[in-house]
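Q: Attaching a single structure in structure tokens format; questions to follow.
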Amino acid sequence: MSFRKFPYAAAIGLGIAGLLGPEWAAAQSASPVTIEFAAWQFTEKGRGEKLNALVDKFMQGHPDIKIEKVAVPYPQFEQTIFTQAGQGAGPDVFVLGDDAFPKAVNAGFFEPLGELMDLPSLNLTSVNEDAVIDGKQYGLVWGANTYNLIYNKELLSSIGAKVPASYEEFLDVAKRLQEKGVFAFAFRTTSAETAGMWYDVSNWVYGAGGRWAKDGQPEFDGPQVVEGVDRLANIYKSGYVPKGADAATYRRMFWEGKVAMFIDNLSLPGIIAAGNPDMRDKIGVARNPFQSGDHASLTTFIGINANSKNKKAAAEFMSYLFSQEGQLALYELLGGVSVGTKLDLSNNPLGGNAPWLGEMEAAIEAQRAVSTVPEGLAQKASELRTVMSEALEQVLFNGTSAQDAMKKAQEQAKAIAAE
Amino acid sequence: MTITLTGVTKQFGAFKAVDNVSLSAGERDFVVLLGPSGSGKSTLLRMIAGLEDVSSGTIEIGGRRVDQMEPVERNIAFVFQTYALYPHMTVRRNIAFPLIMQRARGWHHLPFIGSIFKRRIERMPEVRERVESVARSIGLDEMLERHPRTLSGGQRQRVAVGRALVRNPTIFLMDEPLSNLDAQLRVEMRAQITRLFGQLGKTFVYVTHDQVEAMTMATLVVVLDHGQVQQIGTPREIYEHPANEFVARFIGNPPMNIFVGRRRGDRIAIDDGGPVLALPEHVRRQTADGAVLHVGARPEDVLVTPGSSGAGTAATVSAIERLGPETLVGIVFGENWQRRYGETSVEDFARLGGYSTLKPGDRIEVRFNEDRLSFFSPETGQSYSAPATIQSATAEALP
Amino acid sequence: MQSNERAINREAWFGIAPAVLLLAAVQGYPILRGIYLSFTNTSLLSPNRSTFVGLRNFTALFNLDSFQITMVKTLVYATGSVIGAVVLGLAAALVMNGAFPGRRLVRAMILVPWATPQVAVALVFVWIFNADYGVLNYALSSIGLIDGGVLWLNDPDLAMGSVLLVTIWKIFPFSALVLLAALQSVPASLEEAARIDGARGFAVLTEITLPGIRRTILVLVLFLSIWSLRRFELIWLLTQGGPVRATNTLVVDLYRQGFVNAHLGRAAAIGVVGFLASILITIVYYYVEQRSARRAGEA
């Protein structure tokens, strides 16, 4: 090669060196292992700060492990994790709702924990059995949550109402609240919140005694399902609900005293109290205002990414989270939701900070928890959710009757189930 | 149509582009607005056309006051320096455009739908015939379907003229129409425009910086400088009796020579050993003995004979330019006839017919044609000549 | 070819090789892979496991009447945003073309919507459009035009309009600046000649100015159309394609199919449809450009 070609060769050589360089450098150092931990709770008021503190405490005790906190908001969480994991990447440790968990296990995103952790020593609750698939424990319970009625005691007593125990009582209370100029209720109605909308609607459907599916076959057009959807649409059209407000907005409206009631998971009282400390003593928790006594449950699992390159470090972190110390911190963080292990609550860390605990336990005792995942259709959960939210939008915004909308939804659901 | 301008001024802030111009032209006058760049001649033309507003003063065309009217209402024709042909229209449509605008309603101007209506108007017999007859009269009938892009410079000018003619305008305004052409084409087009003027019999107002065009085409020349009228007159008057030194040196190539001299009784002695010339009576009346005066003599009125026969005043050749039919001889009275490169000097030239063999440094004899001299005041530059023979609109007191 | 020429050609190839490789890798490969994916049944959860299914994704797509709605919405969105941006941009350009005090400031400020990231714009407008707390409803009801909470983004009849409003607001500065540059290349003498020939105001605009900038307008329309097919963040963050698919354009549908429903194969099929639409637009552009150039005597 003539001397003139040298610049080209040099350029190509430098380019290759530049691409490979970082890899070489990384392989040389044996400095602290870094793992990524993804949870949507990082983005929530009150919980985010406490979770941060918990992770920092772990890092203090384990200087050889550095944890990068990945905060992805709930509406985008599943998509983001799945896209990354599908590529063979993704965070080393992450949480996932029970509606997405089976799909993730099926796709091979979770590593069986039996080898990595000393499971028998953890004193796990029975709910953890839901994470056992084909005999392997793919994840542990982060929080077993349920949906209940959360209400503003002051607002209800100001109209001299007691907590509604049935749909009819609910309508009556709502009307009186409306006359007072306050929104009676709130639920997710924006197209950006398909995931959360599902939980909201499920409570109403279960409250009317319906179920989404039976034995792997969707029953979207069942009479009780239609009744549940119809009731929800009714309170929307009656103006009892702030239209177009997303979850973050109406939670704020609640702690500012503009919304009287909503149905949400048990972490909410803590979030409300963090948003407005004056509300702490006014938060009431009760069973859902329906006669069937069924309410939606949401179990969040946590597990180790099968693609992780630092499974040992990940397992150490998991073990910390499931130690007595970690579990108590988690319990406090989640605001009193049941965690994965059986806890000794003689010194309840929430103490006087959560005056609603007693009511919460009473509400849980009084109802039957039903998973929001359509029975036998775990793999298709997100698609079915899209169908459901479109049907709800038709009813709320297009004036379609619940009957017609759910009939159409059932056709689509059946097609999806059949694939 | 007659044109009358009275005290027309155009001001941009404190700057006066056109300063108090008054002139009056009759029907069938070819008026040339002549001046260097920045003299305000184009601005003046545009004010007559209505493309610029008048800051003060009035403009009348055919006795009608027009300075507040829109251009189209004045019924004038305007030929731009760049012709301003509509590039996306055929020659036919370009020429027909004024007629189409006359007949078009509001919605005819909308894109797409409007073209149907406009095509219909173009095809109306009266429009079609008028366009074709105008085209024929200027030799464009073969090119009606072509686009301006495909035409030569001369053809484009004809299209511009055609578009101007088609409305039968009262006056014709032209803004330096020959500046974009090469020398040969310019000569030809000059003749064409003069012919057009003859054929149409309308008043033309023509702007140029080229004094040759002014001299050859005009019936009335308005010389402008810095927005002010320097002189108004026929080409001959401008040439033979310039009102001030600016006009004297702007017209004529090479320009009129200006010699500095001193009055001695009833004669004037040119400095540096130049000739002593007779001083006309009207100049004597207006000057003091011993006063410094400027004498203007055109090159053809400076007569040169080689040698030292004593027939005139002795001088030396400082430069020689042999043009072919004539030779320009630079003359110097006095000692310093040498010229160095980079030295600024104003040459005084004499015209000698034919091809001369003189060279710089040769001794010559110089005589002046004393009937045809001009005399100027050194302070004001104004000519001392009898006011009756001069039509200057800026009447300033002569010293 | 002389050996010298051959040597220069080889060097030329060396020189452009990095650029060609980069383009092939970053643009060529994804396009080809996308087309391949559209013929398979790949899931997001295991993107490397593909089973060939031929045209099934496409036939499934065209049988869905919701996809037909998607096509309609895409067409509405594209035409709406392009026409809006061109008309508003032209108006702005005409204003900026004249001299007025503060013109330089206006020219700089007009770029603000264009320069702001789509995400920021979407988030701010979500709040402006909020039914109960939004500034828009507040302003309109305090001057008495409406009373109470209009659901700009949640009402299926209004959602597309609201999305178009935000889109046009964001992109018109680009079209204004492009058209301004074009306007300034139209010689003033043409417009003056038209005035002398009897064209007034609006007529000068349509007879002389617009034909003068015809080419620029065409290219602008081409770019804006293709960009409107690609515009994702704005629509997704405002309405996620809802409510009830009111703003569900091709690319929004693609995202939902691919990343929410995890059907990469079907998403890729939608992508191929969009790709073909872009090619179609470009072909139409060329045809229109040639024809109008011929009619204006430029071809």
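Protein chains in written order, with my numbering: chain R, 1 to 419; chain U, 1001 to 1399; chain D, 2001 to 2299. Positions of the beta carbon are idealized from the N, C-alpha and C atoms, including for glycine.
Is the beta carbon of residue 1022(U) closer than 7 Å to that of residue 1007(U)?
A: Yes, the pair counts as a contact, with Cβ atoms nearer than the cut-off.
Q: Measuring CA to CA, which of 1127(U), 1054(U), 1102(U), 1368(U) is closest to residue 1258(U)?
A: Out of 1127(U), 1054(U), 1102(U), 1368(U), 1368(U) has the C-alpha closest to the C-alpha of residue 1258(U).
Q: Check the Cβ of residue 2259(D) against every Cβ in chain R and list those closer than 7 Å, keeping chain order.
A: Chain R residues near residue 2259(D): 79, 83.
Q: I want to verify the contact list: residues of chain D whose CB lies under 7 Å from the CB of residue 192(R), in sequence order.
A: Near residue 192(R) (Cβ distances below 7 Å), the residues of chain D are 2240.
Q: Do you know whose CA, among 238(R), 199(R), 412(R), lies nearest residue 99(R)'s CA?
A: Considering only alpha carbons, the answer is 199(R).
Q: With distances taken from CA atoms, which of 243(R), 75(R), 307(R) is nearest residue 2236(D)?
A: For residue 2236(D), the nearest C-alpha among the options comes from 75(R).
Q: Can you pull the chain D residues whose beta carbon is under 7 Å from the beta carbon of residue 1111(U), in chain order?
A: Residues of chain D passing the Cβ test: 2206, 2210.
Q: Using a cut-off of 8 Å between C-beta atoms, extract the partners of residue 89(R) located in chain D.
A: Neighbours of residue 89(R) on chain D: none; closest Cβ ~12 Å, over 8 Å.
Q: What would DSSP say about residue 218(R), mapped onto helix, strand or coil?
A: Reduced to three states, the DSSP call for residue 218(R) is strand.
Q: Taking a cut of 8 Å between CB atoms, which residues from the segment 231-246 of chain R lie near chain D?
A: Correct list: 242, 243, 244, 245.
Q: Just to confirm my understanding: we take residue 1206(U), look at its own chain, exclude 5 residues before and 5 after, and list those with CB closer than 6 Å. What are they?
A: If we look at residue 1206(U) and ignore the five residues flanking it on each side, its Cβ neighbours are 1032, 1174.
Q: Skipping 5 residues on each side, what residues in its chain have a beta carbon closer than 7 Å to that of residue 2277(D)?
A: 2229, listed in sequence order.
Q: Hey, could you find the ends of the alpha helix (DSSP H) residue 2167(D) is sitting in?
A: Per DSSP, residue 2167(D) belongs to the alpha helix (DSSP H) from 2156-2183.
Q: Which of helix, strand or coil does DSSP assign to residue 1294(U)?
A: Of the three classes helix, strand and coil, the one that applies to residue 1294(U) here is strand, per DSSP.
Q: Name the residue from 2197(D), 2089(D), 2100(D) whose alpha carbon lies nearest to the alpha carbon of residue 2113(D).
A: Out of 2197(D), 2089(D), 2100(D), 2089(D) has the C-alpha closest to the C-alpha of residue 2113(D).
Q: With respect to the beta strand (DSSP E) encompassing residue 1131(U), which residues constitute its N-terminal and C-terminal limits?
A: Unbroken run through residue 1131(U) is the alpha helix (DSSP H), 1125-1137; no beta strand (DSSP E).
Q: How would you label residue 2208(D), buried or exposed, when you count the other beta carbons within 10 angstroms and need 16 or more for buried?
A: When all chains shown are included, residue 2208(D) counts as buried.
Q: From residue 94(R) to residue 2141(D), what does the alpha carbon distance come to, in whole angstroms?
A: Answer to the nearest angstrom: the Cα atoms are 47 Å apart.
Q: How far does the alpha helix (DSSP H) with residue 1367(U) in it extend, from its first residue to its last?
A: Counting along the chain, residue 1367(U) falls outside any alpha helix (DSSP H), though it belongs to the beta strand (DSSP E) covering 1363-1368.
Q: I'd like to know whether the C-beta atoms of residue 2257(D) and residue 2245(D) end up nearer to each other than 7 Å.
A: No. Outside cutoff.
Q: Cα separation between residue 167(R) and residue 2130(D)?
A: Each residue's alpha carbon lies about 29 Å from the other.
Q: Kindly indicate if chain U contains any beta-carbon less than 7 Å away from that of residue 2202(D).
A: Yes, its Cβ sits closer than 7 Å to a Cβ of chain U.
Q: Could you tell me the distance, in whole angstroms, from the CA atom of residue 2030(D) to the CA atom of residue 47(R)?
A: Near 41 Å, if we compare the C-alpha coordinates of residue 47(R) and residue 2030(D).
Q: Please report the distance separating the alpha-carbon of residue 1165(U) from that of residue 1184(U).
A: Cα to Cα, the separation comes out at about 25 Å.
Q: Whole angstroms are fine: how far does the CA of residue 116(R) sit from the CA of residue 27(R)?
A: Here residue 27(R) scores only 48 on pLDDT, less than 50, and its place in the model should not be relied on; the value that follows carries that caveat. Cα to Cα, the separation comes out at about 24 Å.
Q: From 323(R), 304(R), 321(R), 322(R), pick the residue whose C-alpha is nearest to that of residue 314(R); which is it?
A: Of the listed residues, the one whose Cα sits closest to residue 314(R) is 304(R).
Q: Inspect the CB distances between the segment 2211-2220 of chain D and the segment 1120-1131 of chain U and report whether three or more fall short of 8 Å.
A: Contact between the segment 2211-2220 of chain D and the segment 1120-1131 of chain U is absent, because fewer than three Cβ pairs lie under 8 Å.
Q: Alpha carbons only, please: which of 2288(D), 2264(D), 2298(D), 2293(D) is nearest the one belonging to residue 2038(D)?
A: The residue with the shortest Cα to Cα distance from residue 2038(D) is 2264(D).
Q: Does the structure place the segment 1192-1209 of chain U close enough to the segment 1001-1018 of chain U that three or more beta carbon pairs sit under 8 Å?
A: Yes, since at least three Cβ pairs between the segment 1001-1018 of chain U and the segment 1192-1209 of chain U fall closer than 8 Å, the two stretches touch.
Q: I believe residue 333(R) touches residue 156(R) by the beta-carbon criterion, under 8 Å. Please report the beta-carbon distance rounded to the nearest angstrom.
A: About 28 Å; that fails the 8 Å criterion.
Q: Run through chain U and tell me which residues come within less than 9 Å of residue 2298(D), C-beta to C-beta.
A: Ordered by position in chain U, the residues that pass the 9 Å Cβ test against residue 2298(D) are 1087, 1088, 1147, 1149.
Q: Look at the alpha carbon of residue 1370(U) and the alpha carbon of residue 1278(U), and state the distance between them as a whole number of angstroms.
A: Distance between the alpha carbons of residue 1370(U) and residue 1278(U): 7 Å.
Q: Which residues mark the beginning and the end of the alpha helix (DSSP H) in which residue 1231(U) is found?
A: Not the alpha helix (DSSP H): residue 1231(U) falls in the beta strand (DSSP E), residues 1228-1233.
Q: Mind checking which residues open and close the alpha helix (DSSP H) that includes residue 1348(U)?
A: Note, residue 1348(U): premise wrong, no alpha helix (DSSP H); beta strand (DSSP E) at 1348-1353.
Q: If I measure Cβ to Cβ from residue 1055(U) and keep anything under 7 Å in the same chain, skipping five residues before and after, which residues do I get?
A: Excluding positions up to five away in sequence, the list reads 1009, 1010, 1011.
Q: By Cβ distance below 8 Å, which residues in the same chain neighbour residue 188(R) in space, the five residues on each side in sequence not counted?
A: The residues are 196, 197, 200, 246, 247.
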